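**Student:** Going by the UniProt record's numbering, the residue at position 232 of the sequence shown is 232; the numbering climbs one at a time, nothing skipped.
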Amino acid sequence: MTRWRTMRRTATGPTAKARLAFLPYLRAGLISARQIWQAARKAEARSGDHVNTEKFLSELGWRDFGWMQLFYEPKMPTRNLRSEFDQMPWQNDPEAFTAWTEGRTGYPLVDAGMRELRATGTMHNRVRMVVASFLTKHLLTDWRKGERWFYERLVDADPALNAMNWQWCAGTGIDASPWFRIFNPVGQSEKFDPSGAYIRTWVPELAGLPDKLIHTPWKMDATLSRHLRFVPGTTYPHPIVELKQARAIALESYKNLKGADQS
Numbered sequence: 001m002t003r004w005r006t007m008r009r010t011a012t013g014p015t016a017k018a019r020l021a022f023l024p025y026l027r028a029g030l031i032s033a034r035q036i037w038q039a040a041r042k043a044e045a046r047s048g049d050h051v052n053t054e055k056f057l058s059e060l061g062w063r064d065f066g067w068m069q070l071f072y073e074p075k076m077p078t079r080n081l082r083s084e085f086d087q088m089p090w091q092n093d094p095e096a097f098t099a100w101t102e103g104r105t106g107y108p109l110v111d112a113g114m115r116e117l118r119a120t121g122t123m124h125n126r127v128r129m130v131v132a133s134f135l136t137k138h139l140l141t142d143w144r145k146g147e148r149w150f151y152e153r154l155v156d157a158d159p160a161l162n163a164m165n166w167q168w169c170a171g172t173g174i175d176a177s178p179w180f181r182i183f184n185p186v187g188q189s190e191k192f193d194p195s196g197a198y199i200r201t202w203v204p205e206l207a208g209l210p211d212k213l214i215h216t217p218w219k220m221d222a223t224l225s226r227h228l229r230f231v232p233g234t235t236y237p238h239p240i241v242e243l244k245q246a247r248a249i250a251l252e253s254y255k256n257l258k259g260a261d262q263s
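Written out as structure tokens, the structure is:
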């Protein structure tokens, strides 16, 4: 359980993949939540790690919470659970959406996550939240587009969890993240992948960059660009949006919705 807690906080390394190992089998019904619960309790008895066991089991509870929502709201994968968001002025830029799906947004953590999804059908939970927030808030794209993209590609795709988590990130669900919470992909990258190991794995064109630029390659000066033979905007795309500006537009759009508040 201590190992699970450690890997839960990092976007990189073999333990990140280990966290996902049982999820496809749980989704397919090859193992049950009860079996996982009992195994966790046995591990707790051996290790004495009560805190991490409870945190792990709370994740199973979150899964059941998603299925409860889907039971009472069977249209959750396609309908806002908070009706005021039916009036949300999504931009739904097709070029921006394509760049997001292909991992060409110019934001390394977002692009690494989306490329990993394409290649493996998996993505660390932290990165899932970052890319979902980026799509719905920085790009103002309807969460249902992202929900469908994930559902068709994740090996652990779960109709209840997938819809609930997308509505959580977009702020449209019944127990959603506050609409004013917007993940900064650069800050998240610096915090959870400080050495850039995850980024270098999935965005190889950035592999030769120094750690201080791996999260913000557009800041490279001309001298270093020539030395590394790295051309911002050519070797790797420029950011498709400016974070502060996109955040401000999103906040204004959410704020103007009738009935949207900070509750």
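All C-beta atoms, glycine included, are put in the ideal place defined by N, C-alpha and C. Owing to the predicted nature of the structure, the values given are computational and were not obtained by experimental measurement.
So ALA176 and GLN167 are in contact, right, with Cβ under 8 Å, and what is the actual spacing, rounded?
**Tutor:** Sure, about 6 Å apart at Cβ, within 8 Å.
**Student:** DSSP state of PRO194, grouped into three classes?
**Tutor:** Of the three classes helix, strand and coil, the one that applies to PRO194 here is coil, per DSSP.
**Student:** Which stretch, first to last residue, makes up the alpha helix (DSSP H) that contains ASN92?
**Tutor:** Looking at the DSSP string, ASN92 is not in any alpha helix (DSSP H), and its letter there is neither H nor E.
**Student:** Do the stretch 150-168 and the stretch 63-82 touch if we need at least three Cβ pairs shorter than 8 Å?
**Tutor:** These segments touch.
**Student:** I think ALA250 touches ILE182, with their Cβ atoms under 8 Å apart; what is that distance to the nearest whole Å?
**Tutor:** Confirmed, Cβ separation roughly 6 Å.
**Student:** Check TYR107 in the structure and name its three-state DSSP category.
**Tutor:** Of the three classes helix, strand and coil, the one that applies to TYR107 here is coil, per DSSP.
**Student:** Can you look up PRO74 in the DSSP assignment and give me helix, strand or coil?
**Tutor:** It is coil, neither helix nor strand.
**Student:** SER32 to ARG41, Cα distance in whole Å?
**Tutor:** When rounded, the distance between both Cα atoms is 14 Å.
**Student:** Identify the residues that DSSP records as bridge partners of PRO217: which are they?
**Tutor:** Beta-bridge pairing links PRO217 to no other residue.
**Student:** When DSSP builds the beta bridges, which residues end up paired with PRO232?
**Tutor:** DSSP output for PRO232 lists TYR236 as bridge partner(s).
**Student:** Are the stretch 222-242 and the stretch 115-123 touching by the rule of at least three beta carbon pairs closer than 8 Å?
**Tutor:** Touching, no, given that fewer than three Cβ pairs across the two stretches are closer than 8 Å.
**Student:** Among the candidates GLU252, GLN245, ILE240 and LYS255, whose CA atom is the shortest distance from the CA of ASP93?
**Tutor:** It is ILE240.
**Student:** Could you work out which residue in PRO108, GLY66, LEU109 and LEU139 is closest to GLU95 when comparing CA atoms only?
**Tutor:** Checking every option, the nearest Cα to that of GLU95 belongs to LEU139.
**Student:** At the level of alpha carbons, what is the spacing between LEU135 and GLY48?
**Tutor:** Each residue's Cα considered, the two are about 41 Å apart.
**Student:** Please name the residue, chosen from ALA45, LEU70, ARG104 and LEU26, that lies closest to HIS238 on a Cα-to-Cα basis.
**Tutor:** Comparing Cα-Cα distances from HIS238 to each of ALA45, LEU70, ARG104 and LEU26, the minimum goes to ARG104.
**Student:** Beta-carbon within less than 6 Å of ILE174's beta-carbon, same chain only, minus the 5 sequence neighbours each way: which residues are those?
**Tutor:** Excluding residues within five positions, the ones whose Cβ falls inside 6 Å are LEU81.
**Student:** My output table needs one value for PRO178: the three-state DSSP class, helix, strand or coil.
**Tutor:** Note: PRO178 maps to coil in three-state DSSP.
**Student:** Could you check the C-alpha separation between ARG35 and LEU57 for me, to the nearest Å?
**Tutor:** According to the sequence displayed, residue 35 carries Gln and not Arg. Going from the Cα of GLN35 to the Cα of LEU57 covers about 12 Å.
**Student:** Classify ASP142 as helix, strand or coil using the three-state DSSP reduction.
**Tutor:** In this structure, ASP142 counts as coil in the three-state DSSP scheme.
**Student:** Comparing alpha-carbon positions, which option in LEU209, SER195 and GLU252 lies nearest THR235?
**Tutor:** Residue LEU209 is the option with its Cα nearest to THR235.
**Student:** Whole angstroms are fine: how far does the CA of PRO24 sit from the CA of ARG128?
**Tutor:** Taking the straight line joining both Cα atoms gives about 16 Å.
**Student:** Give the range of the alpha helix (DSSP H) segment to which ASN162 is assigned.
**Tutor:** Run containing ASN162: 159-170, per the alpha helix (DSSP H) assignment.
**Student:** Check each candidate in VAL186, ASN256 and LYS145 and name the one with the smallest Cα separation from ASP111.
**Tutor:** Among VAL186, ASN256 and LYS145, the Cα nearest to that of ASP111 is on VAL186.
**Student:** Tell me where the alpha helix (DSSP H) around VAL127 begins and ends.
**Tutor:** From DSSP, the alpha helix (DSSP H) with VAL127 extends over 125-133.
**Student:** Let me make sure I understand the geometry here. Which of HIS124, GLU44, THR141 and MET88 has the alpha-carbon closest to that of LEU257?
**Tutor:** Checked all of HIS124, GLU44, THR141 and MET88; the closest Cα to LEU257 is MET88.
**Student:** Can you give me the start and stop residues for the alpha helix (DSSP H) that ALA33 sits inside?
**Tutor:** Where ALA33 is concerned, the enclosing alpha helix (DSSP H) stretches over 33-47.
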